[in-house]
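Colleague:
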Amino acid sequence: MHIFTQSSLALAASALLFTACGSSDTPAMGNVTLQAWGEDYIDVEIPAEDVIDGWTIRFEHALVAISDVTLNGHGDPSLLSHQRVVDLAAPPAGAKTIGTTAVPAGLYNTVQYRVSPVGTGTTVEDTADDAPGVSSAEELMFNSQASIVLTGKATKEEAEIRFNWAFDADTLYERCQIDTTVEKDGESSVELTFHFDHLFNDDLDSPTPNIAFDLIASADADQDGEVTKDELLAVNIEGEERYQVGSRPITNLWDFIAHQSTTVGHINGEGHCGE
Amino acid sequence: MLGAVLLTLVGCAETKETRYMDAVPIATAPLASFTTALGYEVELKRVELALEAQYFTRFGEAHQAQRTLPVLDWAFSTAWAHPGHSQGGEVTGEAAGPSTAVFLPASSDDTSPAPFSHAQLAAGDYDAVDFVFGRLENSPEHSMILEGVALKDDDTHPFLFHVTQDVGRQVIGIPFDATVNSERPLRLHFDGQSRFEVGGAYPTVFDTLDFATDIQWKTQDGADVMVAEPGTLNRLRGQLQKHDYYYYDVDN
């Protein structure tokens, strides 16, 4: 139990005055650790029970090129200015730490970040391969000047379909909702969360789309066990009962999936951007 | 005393009061004929559109992006929303509640259709409308009915499409480039041919439909019923989700 004596109250008042008036030239600072995560769908798999047509989807690489991470308010401090590529599928499982930055203390309600095609000077962190050097997924990313590279496979009973996809959309995720108070000398974190199941959704506007893979699997025209960008471009979706696109001029399955690559970014788990 | 002065200053700094029109009538505009990419001259005789709600918006960046940028050649896109959320800008007007818009040709006797809905709108400049498909009272499984004939090579192909849109499915960013400052009626247009040029042509809702082969008429329970493959109906349903085929204006 605290007993507040007159002297302790005077001391507290002095401390408060000093804090309020004595540090006007040096703002109070705290630390924010920036992380990125693909959640269990990347770390483990998208299980068959979550996929409407029973496929299991596993990722070998989930490369994302991240930059321009800025907290909004208190001078808009940057958590990441230059571009970094993170492999969200790299072991060990769990959120990948990108870095820790000292920022002015205070309440932050939003953050913004960008996922954009790789440029020169971009560094790659946390590769999924144990061997040193550049992985094939990284080669695909830099050769395609991609912002996102996903490699993996889907399985259903005896069937197996591989994918090695590179997406080059440049997406700014703005007004990502956080409720983070950075305390003076405290430790906080911001997690860029990526929901890559969106790429397998079967509707661009429904709030409750299904995760599906049958139509993607059927695109394997040469039946070599891999579905490529060209094969997906050849699949016209206009006659499909699902795969609705609203007013967007999207008519094939690759463009449908590529559009979804611009919607994967979230914040701190289920937090949304742009609302 | 200081508090009163501050209060006055705050009051003087307030923006002027927004004026609202409580009951702006919305009627349908006449239907127009058009020619499809396959050469069919289409005369629409009747279109019924069930609406659950209409939202009038300003500053709709998303609809601008969809209308003005080439297909997936976005130099820079902004992730405005999680899939399924509205992307239509700031809503400053609404026609709430279900309604049915009935469109007829200009040659019809019913030249001044009664309003099918009324909106509450803030005065000002508007960019777009988002509406939500509903279900027709006289055909609860369906959201739209399109009836007409398609003419080609002296052949006449009557059609009667019943279209079902998912509950809650929206059309975002329907053009409504107007200034609203009175209760002058608004009009909702359904144009089977888009006003927006794509690749040198103006698309129509029936561009991929071959009326001679893609629809058949059968007698069922003593009535003539039009049937079509699911793919044909899905393509039409998809076209009818595009804001290119609708627009609002002020009836002058």
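Those protein sequences? They're chains C and G, same order as listed. Numbering-wise, the first sequence is residues 20 to 294 according to the numbering used here. Numbering-wise, the second sequence is residues 131 to 382 according to the numbering used here. Even glycine gets a Cβ: it sits at the ideal position worked out from N, Cα and C.
Can you give the Cα-Cα distance for residue 295/C and residue 298/G, rounded to whole angstroms?
Modeller: Nothing can be reported for residue 295/C: it is not among the residues displayed for chain C, which extend from 20 to 294.
Colleague: To the nearest angstrom, report how far apart residue 194/G and residue 59/C are at their CA atoms.
Modeller: Note that residue 194/G scores a pLDDT of 40, beneath 50, so its modelled location is shaky and nothing firm can be said.
Colleague: Quick one: what's got a C-beta closer than 6 angstroms to residue 280/G's C-beta in the same chain, skipping five residues either side?
Modeller: For residue 280/G, where only same-chain residues beyond five positions count, the Cβ hits under 6 angstroms are 170, 172, 287 and 341.
Colleague: Residue 365/G CB to nearest chain C CB: under 9 angstroms?
Modeller: Yes, because at least one Cβ of chain C sits closer than 9 angstroms to the Cβ of residue 365/G.
Colleague: Determine the chain C residues that contact residue 293/G at a beta-carbon separation under 8 angstroms, and present them in chain order.
Modeller: Residues of chain C passing the Cβ test: none, with the nearest at roughly 13 angstroms.
Colleague: In the DSSP assignment, what are the bridge partners of residue 248/G?
Modeller: Paired residues: 155/G.
Colleague: Can you list, in chain order, the residues of its chain with a C-beta nearer than 6 angstroms to that of residue 206/C? Leave out the 5 residues immediately preceding and following it.
Modeller: The answer, listed in chain order, is 50.
Colleague: For a cutoff of 9 angstroms on Cβ pairs, would you count residue 275/G as touching chain C?
Modeller: No, no contact with chain C.
Colleague: Kindly indicate the opening and closing residues of the beta strand (DSSP E) around residue 170/C.
Modeller: Residue 170/C -> beta strand (DSSP E) spans 167-175.
Colleague: Give me, in chain order, the residues of the same chain whose beta-carbon lies closer than 6 angstroms to that of residue 311/G; leave out the 5 immediate sequence neighbours on both sides.
Modeller: Excluding residues within five positions, the ones whose Cβ falls inside 6 angstroms are 253.
Colleague: Quick one: is residue 328/G near chain C, going by C-beta distance under 9 angstroms?
Modeller: It does; some Cβ of chain C falls within 9 angstroms.
Colleague: For residue 362/G, decide whether its Cβ has a neighbour in chain C, counting only Cβ atoms nearer than 9 angstroms.
Modeller: Output row for residue 362/G: interface = yes.
Colleague: Does residue 264/C come within less than 9 angstroms of chain G when only Cβ atoms are used?
Modeller: Judged by the 9 angstroms Cβ criterion, residue 264/C is in contact with chain G.
Colleague: Say whether chain G places a C-beta atom closer than 9 angstroms to the C-beta of residue 258/C.
Modeller: With 9 angstroms as the cut-off, residue 258/C counts as an interface residue toward chain G.
Colleague: What residues in the segment 215-241 of chain C bring their beta carbon closer than 9 angstroms to a beta carbon of chain G?
Modeller: Within the segment 215-241 of chain C, the qualifying residues are 217, 220, 222, 223, 224, 225, 226, 227 and 228.
Colleague: Would you report the Cα separation of residue 212/C and residue 285/G, rounded to the nearest angstrom?
Modeller: In a straight line, the C-alpha of residue 212/C is about 58 angstroms away from that of residue 285/G.
Colleague: Identify which residue in 229/G, 267/G, 293/G and 306/G has its Cα closest to the Cα of residue 370/G.
Modeller: Looking at the Cα atoms, 293/G is the closest of the given residues.
Colleague: Measure from the alpha carbon of residue 356/G to the alpha carbon of each residue in 343/G, 228/G and 233/G, then state which is nearest.
Modeller: Of the listed residues, the one whose Cα sits closest to residue 356/G is 343/G.
Colleague: Give the DSSP bridge partners of residue 206/C, in chain order.
Modeller: 50/C.
Colleague: Is there at least one Cβ from chain G nearer than 9 angstroms to residue 123/C's Cβ?
Modeller: It does not; no Cβ of chain G falls within 9 angstroms.
Colleague: For residue 173/G, which of helix, strand or coil comes out of DSSP?
Modeller: Note: residue 173/G maps to strand in three-state DSSP.
Colleague: So, helix, strand or coil for residue 369/G, using DSSP?
Modeller: Correct three-state label for residue 369/G: helix.
Colleague: Given a threshold of 16 other Cβ atoms within 10 Å of its Cβ, counted over all protein chains shown, does residue 309/G qualify as buried or as exposed?
Modeller: Classification of residue 309/G: exposed, given that the 10 Å Cβ count is below 16.
Colleague: In chain order, which alpha helix (DSSP H) runs of at least 4 residues are fully inside the segment 101-145 of chain C?
Modeller: Runs of the alpha helix (DSSP H) inside the segment 101-145 of chain C: none found.
Colleague: Please name the residue, chosen from 336/G, 366/G and 325/G, that lies closest to residue 376/G on a Cα-to-Cα basis.
Modeller: Residue 376/G has its Cα closest to that of 325/G, out of 336/G, 366/G and 325/G.
Colleague: If you compare alpha carbons, which of 360/G, 263/G, 151/G and 220/G is closest to residue 14/C?
Modeller: Since the first and last residues shown for chain C are 20 and 294, residue 14/C lies out of range.
Colleague: Given a threshold of 16 other Cβ atoms within 10 Å of its Cβ, counted over all protein chains shown, does residue 39/C qualify as buried or as exposed?
Modeller: The pLDDT assigned to residue 39/C is 49, lower than 50, so where the model puts this residue is not dependable, and the model offers no usable value.
Colleague: Quick one: is residue 101/C buried, meaning 16 or more other Cβ sit within 10 Å of its Cβ, or exposed?
Modeller: Counting Cβ neighbours within 10 Å, residue 101/C comes out exposed, since fewer than 16 surround it.
Colleague: Does the distance from the C-beta atom of residue 112/C to that of residue 63/C stay below 9 angstroms?
Modeller: Closer than 9 angstroms, so yes.
Colleague: Does DSSP classify residue 155/C as helix, strand or coil?
Modeller: The answer is helix: DSSP assigns residue 155/C an H, G or I state.
Colleague: Please list, in chain order, all residues of the same chain as residue 199/C whose beta carbon is under 6 angstroms from its beta carbon, the five residues on each side excluded.
Modeller: Closer than 6 angstroms at the Cβ level, and outside the excluded window around residue 199/C, lie 127 and 207.
Colleague: Can you check DSSP and say which residues form a bridge with residue 254/G?
Modeller: For residue 254/G, which the question treats as bridged, DSSP gives the partners 310/G.
Colleague: State the Cα-Cα distance for the pair residue 229/C and residue 48/C, rounded to the nearest angstrom.
Modeller: Between residue 229/C and residue 48/C, the C-alpha separation is close to 44 angstroms.
Colleague: Looking at residue 188/C and residue 72/C, is the spacing between their C-beta atoms short of 9 angstroms?
Modeller: Contact flag unset, no.
Colleague: May I ask you to list the residues that DSSP assigns as paired with residue 228/G?
Modeller: In DSSP, residue 228/G forms no bridge with anything.
Colleague: Compare the C-beta of residue 111/C with all C-beta atoms of chain G and state if any pair is closer than 9 angstroms.
Modeller: Chain G contact via Cβ: absent.
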